[in-house]
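1 is the number of the first residue of the sequence shown in the UniProt record's numbering; add one for each residue after it.
Glycine included, every Cβ here is placed at the ideal spot set by N, Cα and C.
Quick caveat: nothing in here was measured; it's all calculated off a predicted structure.
Heads up: the structure comes next, in structure tokens.
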Amino acid sequence: MNPLHAWTTLNRCKRSIGILDQNTKFPEIHDLQFLVATSGSHQQRILDAWKLADCVQPADVIQGYIIPAWQNGLSDNWGDSCKENIAAYMLGMFSSLDRDSQAALRNLPIVPVMRLNGDATSSFACASDLIDSDVTELAALCSEDEEVVPRENFLRNFNVALKDCGMKTSIDEAVVRHRIKCYASGNYPLVDVQVRAKLLLRSSCKWQSVKEADDSGLRCLAWLPVTQAGFASLKDSSQCRGFRDRSLVGSQLPILKTPISEEWESRLGWNATIATSILMAQLQHGISQNSRMVVDAVLSYIDAHRLLDELAPELKILRCVAVSSGLFVEPAHAFCPSQNLRRGCYLLEPYLANVHSSVWRYNEKLLRQLGVRDKPEPADLLRVQEILGAKDKLEERDVGFAVELLNFAAKFSRNSLLGLKILGASGRFHNIEDICYNDSAALHSRHNSNLTHPKIPLATILGLKIDFLSAQRVKGILEIEDEDEEEFGQQENPVTRISDTLDRYPVETTFREYLANADDSRGALEISWLLDDRRHPCAELISPEMEVLQGPSLLCFNNGTFTEKDFNGLKNVGEGSKMLNKRSIGQFGRGSQIMFHFTDYPMILSGEYLLILDPQQEVLPMNAKKGKRKPGVKLKLAKVREACLDQLIPFDGLFGYTIDQDRFPGTIFRFPLVTPSSQGNLRISKRELNSAEVHKLMDAYFDEARISLLFLRRINTIEFRVYGKQNSGWLVRRHEPVSRSASGQDTRISQQVPCHFTKQICPGESATGEDTWWISIQDLSSTVELHPAASKRAAKIVECGIAALLSSNMLAEYLKVLAPVNESKMFSTLPIGIGSDLPVHIHASFSLSGDRRSISLDEYGNRSPQSDSNKHLLQQALPQLYLDFLSDLVGQLHTDVFKFWPQVEPPEGSFGNLIYANFWGKLSGCPLKLFPNPKSSQWPEVFDLNQAVFDFTAGSQASELMPLLLSLGVDLVQNMPRLLVRELKKVGPSPNLVCGSMLRNLLKSDVSKQIFSAAVNKNFLVWHKVFEVIAPSDLSCQEAEEFHGCHVLPLADGSLGTLMVAEPRTTDYYVATADEVELFKFAARKLIKAATGSKLEAVIAMGTFNVLPLKICHFEHLLKLRPSVSTFSPEAETWLTTFWKE
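Here's what the structure looks like:
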């Protein structure tokens, strides 16, 4: 462009601009002309002075006119040379431009371009679209003929400005996008693109946008160089995958073999989840190629990306689990690795297999979700056996499979192995109940039996509970059938139920429960416990495991015999055999289970049978059909003697039984004690019940045994002894049972019952004594129905009773050794273990709690028929019986009966409290004669509450008054305990008491006067005691009025005067001193000695009675009583002299 030096007019263009720099070269712009106005020239002064045009700096021209003209497309009309010069001018002035203009230049195609190989072009481009050809990394990404660099002179002269305008000097996001578009354009050879694309993928790009931004330009263009099936091609990112994903998609998508960064993978979208269809196809490819690497990679990917829920149904039916042999199996046929070959499935492959340990280590969670288990289950084993069983003939390898399968099966319960068959010696499979193990070659020769294959280990035989040939012989003799539906298998889980029972029932209650059961047995009169420390022969037993039953044991005998119902009661726990027996107090059911405190294998010999229970099914013969040992067997004694004699030896010679008997008239319970080899697994408590502990328990039970016979119907004797030791243990014997009335008669029977006892104190020495009891029992069956807890049980006969210990006789030297029977108990025929809190034992047919240790009451508002019955017994029947009991007993004990009265209130809420409260409530209207007269007599008088007059005074006063009151005919009751007096005072209406009012009224009759006078003359202290009662210091006026007519004034002549109200005056009495009494002794019947009169001060002070202090004014009245003197005498003179001196 040449300078404009031509002359022009100002009207030539719409606007003129003065240029201060004359060297500036400007293009033509429509309606605008540039005038030369060099700074300081005449042109500038003329233009400025006349304001003909603005004169501006060159930079302002670029910013205000040239850049806008280029932006508006006017540059299209400029020649290349002009544009190049203008571009050079603008780049040279770049630093002088403002920021907006610099920014505008960055977006204008003002830079002349040449090819990378140096060939010139006529193109112009934005600096940001060009690269610095000196940067090798950038140049390597471009082809030689690409127009991507500024002309050499521009790059050299304006390098800084070009960089400021955005010329690329490193790989950034714009370069990447530009290169991708070029590579995908199809304008370049494939080989060239492959090389340069790989360089781009390995380059370090300065990414500016976030990963989540739209990268569709990178992903939808086919520019990625891949090779598939030997052919090179370009793919977009959705049509291929990176090298790291080759194991996940290699068979389904082309793989970019060039390693790239995670940033590139993210930009290409390869961090997105791979389609499940591709994954499953790749997995199946890996399985078909037996490639663990592919299968492991796909499964790990599925797990990591939480695709398992979606794909699990397909995966479970694929052979996708690598096992130790290197094969793949379905998840259902694979199991976790085992460190022990004997525990693994190694010998069952290919039917069942263990997961490869490394696969399990990295994919355990996924494999478990697919159904891989820890070990084979019975169903797996049965499936394999079905496959083997379908073969016509088993090869040697198949036999190995079959034996190993049984080894596995032996780890499971027989119940879970229904349908399992056993490989026989013939090579055929047999039902488990139809085959046995040959433990006796001699027996086999005589028995046609299917025998197990010789390769099956004995441990497996035992584990599968396959019957022994010798055991089948014994069962045959004993007639034990596998089809027996009458086995003693309890109808509920025996271990759980027994453990629960033992937890509820302490071991000490065992003796109580068996005593109750013995009392229910017909014909049973005694119960005996025996501790036997012997060990017995073990050669001939029902089964070898029953050796544990031949050691030390506790035995219990009663002379009643089991009925068939009793035996059946041991099957149906909780119902017992006595549920329909109204008279029974126990049940052979849950309560009988407490024998398992002592043993795991109880034995019962009764009548013709021996019963052995094994609820844990550990020692009895096998039931081949059920695959477990029998829970119990009932065997005839004659058969046991024939087949296994040693099983009866522990009973021989005990309680009258001998081993040659086919029937025994009694019942023997034998409890083999738990040993270290039999730990009493039924018991929650691990207390060791060895012989020493059992001995301690029996010794402790003696105290309860002394009172346990009180209310029993049949049993008269309880005994404990140690085998082989004479006079060991103890014995309690009741002379005769307590009588009972016929059912429904509601009669009460009271009687004295002596109980003899003997107890060993030390070896060779025993203490002997006798407790004497008074017992009263009443049948209430017609008035009270005891509702059972279970509707199918019969309501029991209801009775109640009370017992009091009258005396306990034994040598004084044993009193410190044997504890006295002091604490009173609650009974339900037998002691419940709860104190009665009363001075007597209380018995009733209570409905008891489940553990028979408490009485059911609706304490929490849960009303029930059982609690209603119990409340009636406690609040009605027993309080009334208590009164009847005392009425019977008073004739025996006289005033000693009071020690059996309820005196101390039992604790609130106790059972005794209910009886106590209602006893005193019933007493107020009770017509029974309960209160003895204190007179000592063989047949003392006894009064009811309305008759009795109670003297609650204490000490000497009571003893002084008693003869007088008795003489006066008072129905006197004295010497009652203080606590009893306190309760009696609360009874309403108030009882008759010895008190002032009572005596004041009593002493008004002529008869009482004579009796009182005689008593006073005999012992004047009686008068003092009486007057203390009738004239207390706080005597009220109302009480004083009752003195009117009382013969209570002690006169000087020894008689009694009558106290009268003084108006109108009839007879006056005077209180005189001793001298005055002596002076007026002729009027002694009117005088009261002053010493006595002091007691009358309160009466005299009232001034209303005929008693006055003696004064001179009263002498006239007294002198009238003096006999007249007809002749003078010295005595008369002496009296007169004394009179006047006084």
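CB-CB under 7 Å to residue i, same chain, minus the five flanking residues each way: which ones, in chain order?
| i | result |
| --- | --- |
| G586 | Its pLDDT being 43, under 50, G586 is placed unreliably by the model, and nothing is read from it. |
| D54 | I17, G18 |
| F702 | W730, K759 |
| Q63 | L97, D98, S101 |
| Q875 | L914, N918 |
Report the rounded CA-to-CA distance for residue i versus residue j, giving the unit in angstroms.
| i | j | result |
| --- | --- | --- |
| A789 | P839 | Residue placement at A789 is poorly supported in this model, since its pLDDT is 46, which falls under 50; the coordinates are not used for a value here. |
| N933 | A524 | 45 Å |
| R504 | A353 | 48 Å |
| C538 | L478 | 18 Å |
| V987 | L923 | 8 Å |
| V1107 | R1085 | 13 Å |
| E152 | C126 | 16 Å |
| W78 | S122 | 13 Å |
| A1090 | A1074 | 7 Å |
| L458 | A410 | 11 Å |
| F1082 | P963 | 32 Å |
| V1077 | F898 | 49 Å |
| A1015 | G891 | 30 Å |
| L620 | K634 | 11 Å |
| D533 | G724 | 9 Å |
| residue 1143 | I542 | Because residue 1143 is not part of the residues shown, which for the chain are 1 to 1142, the question remains open. |
Is residue i helix, strand or coil when you go by DSSP?
| i | result |
| --- | --- |
| D245 | helix |
| C755 | strand |
| A789 | Caution is warranted here: a pLDDT of 46 is assigned to A789, below 50, making its placement in the model unreliable, and no coordinate value can be reported. |
| N11 | coil |
| G400 | helix |
| Q726 | coil |
| D800 | The identity of residue 800 in the sequence shown is Cys, whereas the question assumes Asp. In this structure, C800 counts as strand in the three-state DSSP scheme. |
| H430 | strand |
| S781 | coil |
| Q228 | strand |
| V160 | helix |
| K899 | helix |
| C82 | helix |
| G186 | coil |
| V355 | strand |
| I435 | coil |
| V1077 | helix |
| D303 | helix |
| S101 | helix |
Closer than 8 Å by C-beta to residue i: which residues in its own chain qualify, once you throw out the five before and the five after it? Chain order, please.
| i | result |
| --- | --- |
| W270 | S237, R241, G242, D245 |
| L965 | V949, D951, L972, V994 |
| V61 | I17, I19, T24, F26, F34 |
| L673 | G551, P552, S553, L554, F598, T599, L689, N690, S691, V694 |
With 16 as the cutoff for other CB atoms within 10 Å, does residue i come out buried or exposed?
| i | result |
| --- | --- |
| N975 | exposed |
| K825 | buried |
| I46 | exposed |
| M293 | exposed |
| G744 | With a pLDDT of 48 at G744, under the threshold of 50, the modelled position of that residue is not reliable, and the figure given next carries that caveat. Exposed. |
| T509 | buried |
| F1128 | exposed |
| S869 | buried |
| K465 | buried |
| E1097 | exposed |
| G996 | buried |
Measure from the C-beta of residue i to each C-beta in chain C and report whether the shortest distance is under 7 Å.
| i | result |
| --- | --- |
| A161 | Among the chains in the structure shown there is no chain C, since it carries only a single protein chain. |
Can you list, in chain order, the residues of its chain with a C-beta nearer than 6 Å to that of residue i? Leave out the 5 residues immediately preceding and following it.
| i | result |
| --- | --- |
| L761 | Inspection of the sequence shows that residue 761 is occupied by Ile rather than by Leu. The residues are A767, V817. |
Sequence ranges, alpha helix (DSSP H) only - wholly within the segment 611-698, length at least 4: 637-643
Alpha helix (DSSP H) runs contained entirely in the segment 38-82, provided each spans 4 or more residues: 42-50, 58-61, 67-71
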